[in-house]
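K.L.:
Residue numbers (full-length UniProt numbering): 1 to 744.
Ideal placement from N, C-alpha and C gives every residue a C-beta, glycine not left out.
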Amino acid sequence: RSHHSKVRCRIPGCGMIAGDIKRHLKVHVGKQIEEEDVPRAAAIMKAGKATRGPRQVRGKKEVETPGRLRKWCPVDGCNTITSYLSQHLVKAHRLKSSHTQYRVHLKEAERYTGIQELDCLLTLPSKAPSSKLTSPSFLTAQPNPREHKTNEDEEIEETQGIEETQEEEEEEEEEEEEEEEWHPEGEVEESDEDSEDAPTIKIRKEEYYSATKFTSYRHQWLSGFFKYLKSPSAGYKKLENRLQHVGQVEKLLETLDPNGKDITILGEEFGDIVWNKWVSPHLSEGTKAPGTLASYLTSLEKFFVFVTSDKYQRKEMPPLHGNDLDVFKGTINTLKGWRVTIDNETQDVQHRTHLRECDTLLTETDINLLSQSKPYIDGMKAITQAKAGKRLSIQQFTNARDLLLVKLALLVASRPAPLENALLEDYQKAQEKDGNRVMLIPKHKRSREGPAPLGMDKEVQDLMEVYVNKIRPHFVAKDVKHLFVKSDGQSFNRNTIGKRFSAFFEKSGVRTDRRVSQTAVRKFVTTAARRHAPEEMSNIQRVLCHSERSSRNSYLRLDLTETASHAMNIIKKVTSSETETKTKKETLAEELPEKQIKKGGEESDQSADREKQQMMAVRNKMSTTLILRKMTTSISKVKQVTNFVNYLVSKRPFEVEGLPTQAIEVEEWLDDQSSSLKSDQRMHWDQRDTQAMEREFRRFRKCPPKQQLRQMFTVNARLAAICKKEGFSRCYEKVKSIMRKKNK
1 RSHHSKVRCR IPGCGMIAGD IKRHLKVHVG KQIEEEDVPR AAAIMKAGKA
51 TRGPRQVRGK KEVETPGRLR KWCPVDGCNT ITSYLSQHLV KAHRLKSSHT
101 QYRVHLKEAE RYTGIQELDC LLTLPSKAPS SKLTSPSFLT AQPNPREHKT
151 NEDEEIEETQ GIEETQEEEE EEEEEEEEEE EWHPEGEVEE SDEDSEDAPT
201 IKIRKEEYYS ATKFTSYRHQ WLSGFFKYLK SPSAGYKKLE NRLQHVGQVE
251 KLLETLDPNG KDITILGEEF GDIVWNKWVS PHLSEGTKAP GTLASYLTSL
301 EKFFVFVTSD KYQRKEMPPL HGNDLDVFKG TINTLKGWRV TIDNETQDVQ
351 HRTHLRECDT LLTETDINLL SQSKPYIDGM KAITQAKAGK RLSIQQFTNA
401 RDLLLVKLAL LVASRPAPLE NALLEDYQKA QEKDGNRVML IPKHKRSREG
451 PAPLGMDKEV QDLMEVYVNK IRPHFVAKDV KHLFVKSDGQ SFNRNTIGKR
501 FSAFFEKSGV RTDRRVSQTA VRKFVTTAAR RHAPEEMSNI QRVLCHSERS
551 SRNSYLRLDL TETASHAMNI IKKVTSSETE TKTKKETLAE ELPEKQIKKG
601 GEESDQSADR EKQQMMAVRN KMSTTLILRK MTTSISKVKQ VTNFVNYLVS
651 KRPFEVEGLP TQAIEVEEWL DDQSSSLKSD QRMHWDQRDT QAMEREFRRF
701 RKCPPKQQLR QMFTVNARLA AICKKEGFSR CYEKVKSIMR KKNK
C-alpha cells in the first residue's frame, strides 16, 4: 500500500498517522463515527483545511489569483473533493460535456468548506477522554457547512475553461494568423481525454518550464522553447498560449518516446514519425478532432523553428547532430501540408458539424420566447424596484445585470469581450443617432477592425440609465471603472462574462436541446441577414467586427436544400419528354399575342409566386449596382424597376432586321463600369484620376501597407473622391500597378 499518502486521523483523542486512512477509520466505527460515513470522513481528512486549489497565474501581466474552489462530487457514491470537477466528471464518471446530466452535476456540486465538515459526522460520543468533546462545537447541533452556497458569479468563474470556450477563435483574417490561434475544437476535444493535463500545465508546469536546473536534455529544450515564445520573434505569446504550445510539444515527445531524455525522436523516419505514429492513427480512428491535430502540429512547427534558429546560445543548449537539424528544417516546410491534408481528410466531419448547426440554429421565435421566461421577468422586476428607490439584494443585482448583458448582446450580436471591457466612460460618451444610442468599445478580440459597437434602443437606454445611476453605485468596488461588475464589485475575469449569457438562456428554458452562446446569436444574425437582406451584409460584417471571409466560413449557416430543390424543378422541366423543341422564332411568335394583349391593358395571367420570384431576381441584380442598390430596400422601387424591365423585354425586336443600329442609352448607366460591382469587361481609369494618384504616391518606392493606404484614401480629399467613385479595392490595385510601373 505504498501508493497511499500518510494522513493524520482527525478523530478526537486519536491523532494516529495512517497510510490507509479509510482502513484505519474502521477502528472508530460504532464509537465516534458511523460505518456509512467512513468514505466521506476519509475524503475530508485527505483534503485538509484548504478550500481552494493551488494559486493560478492569469492575464497578460501574469498576476497570481486565488485557486479554484474545491467542491464535492455530486454523483451518488462518490466522495471526491476536487478543484476541477468537470474533468473529474469526464474522466471518472464518463460523462460528456454536452449531456444535460453533466451540467446538472456542475450546478448541484457543493463547496468544500474545510476540515470542520468532519464535525457533522462525529455524532457518537467518544470513549476516550478528550477536552475537545466537551467543547460547545460537539455538544450543540451544528448546521451542515456544505449547505453554504457561493454567489452565482463565483460558480460561473469556477467553470471557466471547462465548458465550451469562446468559439470565435476561428475568425482570423489571414491563413497565417489562423494557424497562430488555437482552434476551439481542439480545446474541447482535449477535455475528453486530457482534461487533467490542462490544470497541471497552468499551475505546476510554469515553474517547471521556467527552471534553471534541468532534469534532462528534453526538459532543457522545453524550457528554452517556453522562454522563446515570449520573445517578439515568436509573437510575444501570452502565458496561456505559451503553456499550451510547450505542453503539446511535451505530450508529443512523451507519446512517441515515453522514456526518452532528449528530442531526437522527432527526427526519426526522416521527420515523419509524428505523422506515422501519432497523427495518422488519430485521423483514421477519429479519436481527436481535426482542430486538435492541427493545433498540435502548429506547436510542433514553432518548436522546430526555435530549435533551428539562432535565438539561443548553442553552447548552452544540449548538443544536436547535424542530421537532426537538417531534418527539422525540412519538416518545417511540410507541416503546413500536413494541416491541409488533415483538413481535406476531415471535410465530411466538418460538413456534418455544419449541417448539425443548420438544424439547431436559433430562430426568431426563440428570441421572442425569452421575454416570457423567469430570469427575464426577475431582471425586469429588479430594475423596476431599483427605479422606485429600493436597494437591491445581491441576487436581484445579478438578475438585473444579466438581463442587460443579454439585451445588449442580442441587439448587435456582440462578442463577450466588448461587454467585458466596457467602461463607465464608454457609456457616458455614447452618442445617439436615429433614436439609438451607441457605445464604442476600443478593446475587444478584433480590435484592429476598429471599436466594437454596443447599441441601445429606447428600451435598453431607459434600463441602462437605471442600472448606471441607481444599481451599480451600490455594488461597484472602489476604483473599478468597468461598466459591468460581479456581485463582489470587481470586474469580470477574462473570458468569463460570456458564461452569464449562456446561463441566462439555460435558466430561461429556451432551447434546452443546446447550449446557447453569443456565438450562436452571431450565427443566427449572419444567416438571417444573408437570407433576407444580402445587400446589407457589408454593414452587418462591420458591426460584428469580422471580415467577409470569417462571416462566410465561421458564421453563415445556409444549407443547399432550397437551392437543390429549385435546381430539381428546373432539371425536371428541361429534361421532360413532354417538352417540345421549338425555334426561337416560333417561341417569340407565340409570345407576341400575349404581349400585344398586355399592351392593350389586360391583366397578366402570371401567378403570384412567379411574380415574386421575378421581383426577387430583379432585386438581386439591383444589389450588384451602386446606383440601384440604394432602392432595394423599397418594395415599390423594386416593382417599378421590374415593370421597366418587362417593358424593355416587350420592346425588344423579334427579327434581325429590327435590331437598332445604336445601343440603347440606358445601357450607358446600367452597365457603367464605375458603378458596377461585377463586370467581365476591362474597366479603364480616368486619365485625370491616374495622374492625381501618381502625384500623391511619387514619394513612395514601394506600395504602402493596405491599412496605410486606406487611411490616405480617407484623409486626402482628392483621393477620397476617387475612392468613393472607384472603390477601395480598385484603388488598391491601381496603386500596386503604379508602383510596378515605377520600379521597371
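Please classify Gln87 as buried or exposed, where buried requires at least 16 neighbouring CB atoms within 10 angstroms.
P.N.:
Working through the sequence shown from its first residue, we reach residue 87 at position 87. Buried is the call here.
K.L.:
With contact counted as at least three CB pairs below 8 Å, one residue from each stretch, are the region 527 to 545 and the region 375 to 395 in contact?
P.N.:
Result no; under three Cβ-Cβ pairs closer than 8 Å.
K.L.:
Taking contact to mean 3 or more Cβ pairs, one atom from each stretch, closer than 8 Å, check whether the region 433 to 448 and the region 504 to 523 are in contact.
P.N.:
The region 433 to 448 is not in contact with the region 504 to 523.
K.L.:
Could you tell me the boundaries of the alpha helix (DSSP H) in which Arg437 lies?
P.N.:
Here residue 437 refers to the residue found at position 437 of the sequence shown. Counting along the chain, Arg437 falls outside any alpha helix (DSSP H), though it belongs to the beta strand (DSSP E) covering 436 to 441.
K.L.:
For Ser554, does the count of other Cβ atoms within 10 angstroms reach 16, so buried, or fall short, so exposed?
P.N.:
On the sequence shown, residue 554 is found 554 positions in, with the first residue counted as 1. It counts as buried.
K.L.:
Specify the secondary structure class of Thr308 as computed by DSSP and reduced to three states.
P.N.:
The residue labelled residue 308 in the question sits at position 308 within the sequence shown. If DSSP states are grouped into helix, strand and coil, Thr308 belongs with coil.
K.L.:
Note down the Cα distance separating Ile394 from Val476, rounded to an integer number of angstroms.
P.N.:
Against the sequence shown, residue 394 aligns to sequence position 394. Against the sequence shown, residue 476 aligns to sequence position 476. Spanning the two alpha carbons is a distance of roughly 12 Å.
K.L.:
Quick check on DSSP: helix, strand or coil for His474?
P.N.:
What you label residue 474 is simply residue 474 of the sequence shown in a count that begins at 1. Residue state, collapsed to three classes: helix.
K.L.:
If you reduce the DSSP assignment to three classes, tell me which class Trp278 lands in.
P.N.:
What you label residue 278 is simply residue 278 of the sequence shown in a count that begins at 1. If DSSP states are grouped into helix, strand and coil, Trp278 belongs with the helices.
K.L.:
Assign Arg543 to one of three DSSP states: helix, strand, or coil.
P.N.:
Here residue 543 corresponds to residue number 543 of the sequence shown, with the count starting at 1. For the record, residue 543 in the displayed sequence is Val; it is not Arg. In the structure shown, Val543 sits in a helix (DSSP, three-state: H, G or I).
K.L.:
Which class does Thr625 belong to by DSSP, given the choice of helix, strand or coil?
P.N.:
The residue you call residue 625 lines up with position 625 of the sequence shown. Thr625: strand per DSSP, three-state reduction.
K.L.:
DSSP on Arg730, reduced to helix/strand/coil?
P.N.:
Working through the sequence shown from its first residue, we reach residue 730 at position 730. The answer is helix: DSSP assigns Arg730 an H, G or I state.
K.L.:
By DSSP's criteria, Gly455 is part of a beta bridge. Which residues make up the other side?
P.N.:
By one-based count along the sequence shown, residue 455 stands at place 455. Note: Gly455 sits in a beta bridge opposite Val438.
K.L.:
Looking at C-alpha atoms only, which residue of Gly114, Lys621, Ala50 is the closest neighbour of Val641?
P.N.:
Taking the sequence shown and counting its residues from 1, one reaches residue 641 at position 641. For Val641, the nearest C-alpha among the options comes from Lys621.
K.L.:
Suppose the cutoff is 8 Å on Cβ atoms and the five residues either side in sequence are ignored; what does the same chain contact list for Pro143 look like?
P.N.:
Start at 1 with the first residue of the sequence shown, and residue 143 comes out as number 143. For Pro143, the predicted model reports a pLDDT of 39, less than 50, meaning its position is unreliable and no value from the coordinates is stated.
K.L.:
Which value, in whole angstroms, describes the spacing of the CA atoms of Leu544 and Asp434?
P.N.:
The residue given as residue 544 occupies position 544 in the sequence shown. The residue given as residue 434 occupies position 434 in the sequence shown. C-alpha separation (whole angstroms): 20 Å.
K.L.:
What's the gap between the Cα of Phe328 and the Cα of Ser280?
P.N.:
As a working note, residue 328 is residue 328 in the sequence shown. As a working note, residue 280 is residue 280 in the sequence shown. Near 19 Å, if we compare the C-alpha coordinates of Ser280 and Phe328.
K.L.:
Whole angstroms are fine: how far does the CA of Thr398 sit from the CA of His219?
P.N.:
Here residue 219 is taken as the residue at index 219 of the sequence shown, counted from 1. Here residue 398 is taken as the residue at index 398 of the sequence shown, counted from 1. Each residue's Cα considered, the two are about 47 Å apart.
K.L.:
Have a look at the DSSP bridge pairing and note the partners of Ile17.
P.N.:
The count along the sequence shown starts at 1 and reaches residue 17 at position 17. Ile17 pairs with Arg8.
K.L.:
Name the two residues that bound the continuous beta strand (DSSP E) containing Gln313.
P.N.:
Against the sequence shown, residue 313 aligns to sequence position 313. Looking at the DSSP string, Gln313 is not in any beta strand (DSSP E), and its letter there is neither H nor E.
K.L.:
Near Ala417, what residues of its chain come up, given a Cβ to Cβ distance below 6 Å and the 5 sequence neighbours on each side ignored?
P.N.:
On the sequence shown, position 417 is the one that residue 417 refers to. Here the set comprises His444, Lys445.
K.L.:
Less than 7 Å between C-beta atoms, sequence neighbours within five positions excluded: which residues of the same chain meet that for Glu733?
P.N.:
Start at 1 with the first residue of the sequence shown, and residue 733 comes out as number 733. Taken in chain order, the list of residues that qualify is empty.
K.L.:
Since Arg391 contacts Phe484 with CB under 8 Å, what's their CB separation in whole angstroms?
P.N.:
Locating residue 391 in the sequence shown gives position 391, counting from the first residue. Locating residue 484 in the sequence shown gives position 484, counting from the first residue. That pair is no contact at about 19 Å.
K.L.:
Would you kindly work out how many angstroms separate the C-alpha atoms of Val735 and Ala717, rounded to a whole number?
P.N.:
Sequence index remark: in the sequence shown, residue 735 carries index 735 (1-based). Sequence index remark: in the sequence shown, residue 717 carries index 717 (1-based). The straight-line gap from Cα to Cα measures roughly 17 Å.
K.L.:
For the alpha helix (DSSP H) that Val649 lies in, which residues bound it at each end?
P.N.:
As a working note, residue 649 is residue 649 in the sequence shown. Unbroken alpha helix (DSSP H) run through Val649: 635 to 651.
K.L.:
Quick check on DSSP: helix, strand or coil for Glu34?
P.N.:
Residue numbering aside, residue 34 sits at position 34 when the sequence shown is read from its first letter. Reduced to three states, the DSSP call for Glu34 is coil.
K.L.:
Nearest-angstrom Cα distance between Ile81 and Ile377?
P.N.:
The count along the sequence shown starts at 1 and reaches residue 81 at position 81. The count along the sequence shown starts at 1 and reaches residue 377 at position 377. Distance between the alpha carbons of Ile81 and Ile377: 36 Å.
K.L.:
Between Ala452 and the rest of its own chain, which residues show a CB-CB distance below 6 Å, the 5 nearest in sequence each way excluded?
P.N.:
Here residue 452 corresponds to residue number 452 of the sequence shown, with the count starting at 1. For Ala452, where only same-chain residues beyond five positions count, the Cβ hits under 6 Å are Pro418, Ile441, His444, Cys545.
K.L.:
Determine which residues share a DSSP beta bridge with His28 and list them.
P.N.:
Position 28 of the sequence shown, counted from the first residue, corresponds to residue 28. None, per the DSSP bridge assignment.
K.L.:
Which residue from Lys315, Lys261, Tyr228 puts its Cα closest to that of Val246?
P.N.:
In the sequence shown, residue 246 corresponds to position 246, counting from 1. Out of Lys315, Lys261, Tyr228, Tyr228 has the C-alpha closest to the C-alpha of Val246.
K.L.:
Considering just the uninterrupted stretch of the beta strand (DSSP E) at Glu536, what are its terminal residues?
P.N.:
On the sequence shown, residue 536 is found 536 positions in, with the first residue counted as 1. Note, Glu536: premise wrong, no beta strand (DSSP E); not H, not E.
K.L.:
For the candidate residues Ser414, Leu297, Arg557, whose alpha-carbon lies nearest to that of His354?
P.N.:
Stepping through the sequence shown from its first residue, residue 354 is reached at position 354. Taking only the C-alpha atoms, the option nearest His354 is Arg557.
K.L.:
Measuring only the C-alpha atoms, how far is Gly291 from Gln518?
P.N.:
Counting from one through the sequence shown, the residue named residue 291 turns up at place 291. Counting from one through the sequence shown, the residue named residue 518 turns up at place 518. Cα to Cα, Gly291 sits roughly 21 Å from Gln518.
K.L.:
Apart from the five residues just before and just after Glu285, which ones in its own chain have a Cβ nearer than 7 Å to its Cβ?
P.N.:
Here residue 285 refers to the residue found at position 285 when the sequence shown is read from its first residue. Hits under 7 Å: none found.
K.L.:
Would you kindly report the start and end of the unbroken alpha helix (DSSP H) that includes Glu432?
P.N.:
Here residue 432 refers to the residue found at position 432 of the sequence shown. It is not in any alpha helix (DSSP H) - Glu432 instead sits in the beta strand (DSSP E) that spans 431 to 433.
K.L.:
Measure the alpha-carbon distance for Lys486 versus Phe492 and round it to whole angstroms.
P.N.:
Mapped onto the sequence shown, residue 486 falls at position 486. Mapped onto the sequence shown, residue 492 falls at position 492. Their Cα atoms are separated by approximately 6 Å.
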